[in-house]
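The structure appears right after this line, and notes come after that.
Protein chains: 2
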Amino acid sequence: MKPYTEMTPEELTEELAALKAKYKKVQALGMRLDMSRGKPCQEQLDLSMRMMDVLDSSSDLTCEDGTDCRNYGQLNGIIEARELIGDMMENNPKDIIIYGNSSLNVMFDVISRAYTHGIMGNTPWCRLPEIKFLCPVPGYDRHFSITEYFGIKMIPVAMSESGPDMETVERMVSEDASIKGIWCVPKYSNPQGYSYSDETVRRFARLKPAAADFRIFWDNAYGMHHLYDDRQDYLIEILAECKRAGNPDLVYKFSSTSKITFPGSGIAAVATSPNNMDDLLNHLRHQTIGHDKVNQLRHVRFFGDIHGMVEHMRKHADIIRPKFEAVEEILETELGGLNIGTWTKPLGGYFIMFDTMPGCAKDVVSRAKKAGVVLTPAGATWPYGKDPNDSNIRIAPTFPSLADLCSAMEVFSLCVKISSIKKLLQDARS
Amino acid sequence: MKPYTEMTPEELTEELAALKAKYKKVQALGMRLDMSRGKPCQEQLDLSMRMMDVLDSSSDLTCEDGTDCRNYGQLNGIIEARELIGDMMENNPKDIIIYGNSSLNVMFDVISRAYTHGIMGNTPWCRLPEIKFLCPVPGYDRHFSITEYFGIKMIPVAMSESGPDMETVERMVSEDASIKGIWCVPKYSNPQGYSYSDETVRRFARLKPAAADFRIFWDNAYGMHHLYDDRQDYLIEILAECKRAGNPDLVYKFSSTSKITFPGSGIAAVATSPNNMDDLLNHLRHQTIGHDKVNQLRHVRFFGDIHGMVEHMRKHADIIRPKFEAVEEILETELGGLNIGTWTKPLGGYFIMFDTMPGCAKDVVSRAKKAGVVLTPAGATWPYGKDPNDSNIRIAPTFPSLADLCSAMEVFSLCVKISSIKKLLQDARS
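In order, the protein sequences belong to chains A and B. Taking my numbering, I'd label the letters of the first sequence as residues 142 to 571. Taking my numbering, I'd label the letters of the second sequence as residues 142 to 571.
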């Protein structure tokens with residue numbers, strides 16, 4: 142088929158009529174499919190069921206260092222969990238704090254603490270007239286939700302396949318001391334699936350921020366989430382790079398096992414410099430006596446070591462890779478060559494990013510919803526939910542079954558076509 | 142033996158020499174006993190080992206309402222956990238949020254949120270010149286540590302066997318709008334083991350605070366922790382009483398299973414009014430996607446229902462009751478009639494409170510430490526660690542074995558005697 146952008150209004154009108162008839166039929170099916178969030182599917186969850194067996198009433202719940210995991214203590218996490226997560230995050234166990242079940246909660250707490258008490262002796266953010274964060278866009282809505290909640294002004298920075306526009310980042314953080322942070326998902330980014338290039342990471346580690354309390358919020362949520370054995374993105378380890386660059390305190394690095402074992406019942410962690418670590422622990426010791434050590438031990442006993450975790454991640458990949466490939470195949474079949482949308486083809490992570498023609502995203506999402514397919518709300522990938530181009534849609538292929546996913550993507554493609562034609566006809570008229 | 146307070150300086154000097162000789166012998170034993178914190182002992186932890194068996198890889202981890210506990214969701218906790226904890230806290234499940242493993246963390250978060258965002262639309266505390274909390278004393282050091290961390294001025298209020306001095310509480314909260322809260326451990330209080338009388342609870346529910354955002358921080362940590370079957374304290378349920386008094390939003394009530402199953406691997410909860418609940422959830426939804434539902438389910442399956450939990454608590458009581466009784470017996474044998482100290486005889490909870498003669502507590506604790514017995518630091522039971530009388534010591538009998546506890550209490554009594562005589566001799570000289 143010829144690109145929609147080259148069709149005459151008559152051709153478009155004819156095509157639209159056919160598509161609308163198809164849409165009506167789809168609506169009549171009464172589908173109910175949810176692709177809105179990056180949730181593992183049931184088969185993925187089943188992969189970790191054996192984790193329920195590794196501890197039972199006959200288990201010795203004592204750590205290597207003699208700590209009884211059942212009792213109070215060990216604010217920074219048990220040593221064997223810090224070792225395992227150290228291997229996962231590529232950091233020294235001594236640079237790691239294991240928290241509870243949610244890395245989002247850790248990020249929230251770090252920002253809350255900066256707001257109430259300040260970072261490493263700097264003025265608490267609540268005492269400053271304005272605080273700003275750089276937000277590579279499109280990005281992760283729950284990051285933006287935290288900064289918005291604290292009244293932090295969010296400044297979008299363009300993303301490319303190699304990461305955020307570093308020239309802008311460098312200029313802005315060096316000029317404006319009210320910029321205190323930047324949200325990063327550096328590997329298999331949410332929603333693009335991009336990984337920061339070596340140059341990007343190197344430039345991050347060499348930032349010269351105007352603010353002494355500027356920090357990079359490095360949410361390496363998908364470090365282990367490769368789709369392929371033979372084609373994988375690599376990311377320079379940021380903490381080591383910051384240390385080499387003489388900027389050891391520049392970064393908080395976050396990760397969790399949420400999408401490795403069970404979301405909500407995993408373990409989350411921070412890796413950071415000794416100075417930042419002291420700062421975090423000074424806060425944490427007022428906040429809690431310690432996190433769930435039994436669950437930390439459960440994770441350690443389940444995986445054994447990092448090789449066990451890598452093998453486990455291959456099983457995840459085997460389940461979700463066909464879903465990613467199906468999405469790409471359907472998009473290619475349905476929309477390829479029509480010149481009405483672009484999409485990413487990630488090698489890992491949880492998302493595919495789709496860009497419609499400007500001004501079509503909201504309409505596509507709303508149209509899909511009316512046909513029973515729930516997508517992440519259009520705009521969610523931008524700060525304040527406002528996508529200036531109204532073009533960005535996050536596709537989350539993992540949760541539905543493969544069959545449901547294919548149906549959903551057919552519906553999605555249909556909606557993209559209809560919205561695009563309506564837009565083209567409207568543009569032609571005006 | 143005659144009361145020390147009636148002895149002549151010569152008699153005291155003679156007695157002191159004998160005690161010092163005994164102390165030297167004790168020091169030579171090289172004891173190492175820790176009675177500093179309210180930690181369950183190993184036998185108590187063993188009681189919950191079967192909780193490690195209730196979920197395994199063959200378990201259905203689906204909730205009554207169809208929620209898959211292994212995946213994201215259910216911000217306020219799974220319904221069956223809210224029902225169980227509802228029975229434990231004597232509250233409606235719909236008035237309960239289940240959090241993570243630490244009620245202390247929940248209290249910290251509630252105060253942090255009041256500081257950054259304000260309670261129910263009121264001015265955030267960080268924007269006010271001064272915030273004050275009433276602190277019934279002696280009280281719980283970790284409560285005081287949270288308020289101190291947020292720069293909240295703590296005002297001690299006297300405790301009696303029936304609870305805080307309500308006349309003072311009523312007067313102060315009605316006169317001073319900068320008083321925003323009061324820390325309460327209403328049942329088997331830390332460190333006294335007192336329970337608030339019916340009148341105290343009724344008066345709490347009828348407070349007329351000057352501040353619209355004044356809240357009672359009702360930490361009912363020991364609601365289930367009776368030592369005896371036949372002699373138990375009862376506490377009026379505060380939320381219902383507040384509702385009856387037309388003050389539904391006056392209280393945040395906290396509890397957890399930390400000292401029921403495993404400290405650090407239990408579940409914590411808040412019970413509060415619908416208005417406060419909305420307010421908390423508006424915060425929480427930015428902070429996390431949800432807490433550990435698998436652990437919530439584990440607790441539900443382990444206990445079955447509240448009767449199961451009550452039976453479980455009887456087993457705890459059977460283990461720790463002899464320890465409480467041993468402490469009381471040794472104190473009575475060693476110090477009874479000497480007129481140099483008083484102590485409480487609680488029917489539940491985790492602590493016994495000891496009061497030395499004024500000016501002796503620090504010396505007793507330091508002397509005990511030099512003989513190998515670590516006690517909670519003197520002063521810890523007061524805001525800022527400052528006991529104006531230097532007389533209050535918290536005794537935590539649960540963690541050591543009965544034999545160790547007896548040794549430790551002998552040492553403790555010896556130290557009280559030595560310190561007291563030194564004080565009496567000093568007073569006689571001056």
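Glycine residues also receive a C-beta, built at the ideal position from the N, C-alpha and C atoms.
For this session: Spatial neighbours of R254(B) within its chain, please: CB distance less than 6 Å, with the 5 preceding and 5 following residues excluded, ordered by chain position.
Result: H424
For this session: Examine the Cβ distances between the segment 203–211 of chain B and the segment 176–193 of chain A and report whether three or more of them are shorter than 8 Å.
Result: yes
Problem set entry | Residue-level contact to chain A via CB, I430(B), 8 Å cutoff | yes
Exercise. Three or more beta-carbon pairs under 8 Å between the segment 246–260 of chain B and the segment 371–389 of chain B, yes or no?
Worked result: no
Problem set entry | Nearest to K166(B) (by Cα), restricted to the options D370(B), N530(B), F285(B), K511(B) | Of the residues D370(B), N530(B), F285(B), K511(B), the one whose Cα lies closest to the Cα of K166(B) is K511(B).
For this session: Assuming I430(A) and L245(B) form a contact by the criterion Cβ under 8 Å, report the distance between their Cβ atoms to the nearest whole angstrom.
Result: Taking C-beta atoms under 8 Å as the contact rule, I430(A) and L245(B) qualify, at a distance of about 6 Å.
For this session: Look up M494(B) in the DSSP assignment and say whether it is helix, strand or coil.
Result: strand
Exercise. Helix, strand or coil: which one does DSSP assign to I575(A)?
Worked result: The requested residue 575(A) does not occur in the structure, where chain A is confined to residues 142 to 571.
Problem set entry | Beta-carbon contacts of D228(A) that lie in its chain and below 6 Å, excluding the five residues immediately before and after | I447
Exercise. At least one CB of chain D closer than 8 Å to the CB of I287(A): is that the case?
Worked result: Looking at the structure shown, chain D is missing, and the protein chains on hand are A and B.
Exercise. With burial defined as no fewer than 16 other Cβ atoms inside 10 Å of the residue's Cβ, what is the status of A222(B): buried or exposed?
Worked result: buried
Exercise. Roughly how many angstroms separate the alpha carbons of P144(B) and E475(B), rounded to a whole number?
Worked result: 12 Å
Problem set entry | Unbroken alpha helix (DSSP H) run spanning K163(A), endpoints | 150–169
Exercise. For the alpha helix (DSSP H) that contains I252(A), what are its first and last residues?
Worked result: 244–257
For this session: Could you tell me which chain B residues have their CB closer than 7 Å to the CB of Y525(A), listed as they occur along the chain?
Result: In chain order: nothing, as chain B lies at least about 14 Å away.
For this session: Check L275(A) in the structure and name its three-state DSSP category.
Result: Residue state, collapsed to three classes: strand.
Exercise. Would a check of beta-carbon distances place L516(A) closer than 8 Å to chain B?
Worked result: no
Exercise. In three-state terms, what does DSSP make of H367(A)?
Worked result: strand
For this session: Report the residue from G407(B), K400(B), V435(B), D354(B) whose alpha carbon sits nearest the alpha carbon of G407(A).
Result: V435(B)
Problem set entry | Residues in the segment 257–290 of chain A having any Cβ partner in chain B nearer than 9 Å | Within the segment 257–290 of chain A, the residues whose Cβ lies closer than 9 Å to some Cβ of chain B are T257, H258, P265, C267, R268, R283, S286, I287, E289, Y290, listed in chain order.
Problem set entry | Selected residue, minimal CA-CA separation from M115(A), among M550(A), L555(A), R439(A), P524(A) | As shown, chain A starts at 142 and ends at 571. That puts residue 115(A) outside it, with no answer to give.
Exercise. Comparing alpha-carbon positions, which option in K558(B), Y240(B), I272(B), P332(B) lies nearest V314(B)?
Worked result: I272(B)
For this session: Please name the residue in P150(A), L368(A), D504(A), R508(A) whose C-alpha comes closest to that of G489(A).
Result: L368(A)
For this session: Go through the segment 372–413 of chain A residue by residue and report every complete run of the beta strand (DSSP E) that reaches 3 residues or more, in order.
Result: 392–397, 409–412
For this session: Provide the residue span of the alpha helix (DSSP H) that contains G449(A), from first to last.
Result: 447–476
For this session: Count the CB pairs spanning the segment 276–290 of chain A and the segment 520–535 of chain A that are closer than 8 Å, and state whether there are at least three.
Result: yes
Problem set entry | Listed by chain order, chain A residues near P404(B) by CB distance under 9 Å | R211, N212, Y213, G214, I430, G431
Exercise. Count the other CB atoms within 10 Å of the CB of K464(B); is the residue buried (16 or more) or exposed (fewer)?
Worked result: When all chains shown are included, K464(B) counts as buried.
For this session: Just grab the DSSP bridge partners of V515(B) for me.
Result: D175(B)
Problem set entry | Inter-residue spacing [alpha-carbon to alpha-carbon] between G304(A) and E340(A) | 9 Å
Problem set entry | Interfacial residues, the segment 161–185 of chain A to chain B, with Cβ spacing under 8 Å | R178, K180, P181, Q183
Exercise. Alpha carbon to alpha carbon, what distance is there between A158(A) and F444(A)?
Worked result: F444(A) and A158(A) have their C-alpha atoms some 55 Å from each other.
Problem set entry | Proximal residues, the segment 227–260 of chain A versus chain B, C-beta separation under 7 Å | G241, N242, S243, L245, N246, F249, S253, Y256, T257
Problem set entry | Three CB pairs or more closer than 8 Å across the segment 543–562 of chain A and the segment 502–517 of chain A | yes
Exercise. How many angstroms separate the CA atom of F285(B) from the CA atom of A544(A)?
Worked result: 57 Å
For this session: Identify the continuous alpha helix (DSSP H) that holds N331(B) and give its terminal residues.
Result: Element bounds for N331(B): n/a, residue is neither H nor E.
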